[in-house]
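S.K.: Quick note: the sequence shown uses our numbering, first residue 8, plus one each step.
Backbone N, C-alpha and C fix where the C-beta goes; we use that ideal spot for every residue, glycine too.
Please read all numbers here as calculations on a predicted model, not as lab measurements.
Quick one: structure below, then a few questions.
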Amino acid sequence: MKNIDEIIEMAWCDKTSFDDIKSFCNLEERDVIKIMRKNLKPSSFKMWRKRVTGRKSKHSNYNKL
């Protein structure tokens with residue numbers, strides 16, 4: 008598994024989808040969410056969740072439509 012800091016960086020990046028994170032780190036979206044919840048301040052986690060929820064660039068299956 009990749010370094011936690013690298014996973015957090017990938018999760019914050021708008022150009023990196025959860026599918027990309029899965030292929031690089033073998034982590035499902037729910038695992039990334041758990042890592043973010045554990046390692047970010049509560050306010051930062053809420054901001055990140057609000058930012059990525061429903062975002063097409065984070066869910067590559069939306070990009071294929």
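Three-state secondary structure (DSSP) at E20?
M.R.: The question names Glu, but residue 20 in the sequence shown is Cys. If DSSP states are grouped into helix, strand and coil, C20 belongs with coil.
S.K.: Find the nearest neighbour of K65 within the set E13, S50, A18, N33, judged by alpha-carbon distance.
M.R.: Checking every option, the nearest Cα to that of K65 belongs to A18.
S.K.: Indicate the three-state DSSP secondary structure (helix, strand or coil) for N10 in the structure shown.
M.R.: N10 falls in the coil class under three-state DSSP.
S.K.: Among D38, S24, D12, which residue has its Cα nearest to the Cα of V59?
M.R.: The candidate whose alpha carbon is nearest that of V59 is S24.
S.K.: What would DSSP say about K48, mapped onto helix, strand or coil?
M.R.: If DSSP states are grouped into helix, strand and coil, K48 belongs with coil.
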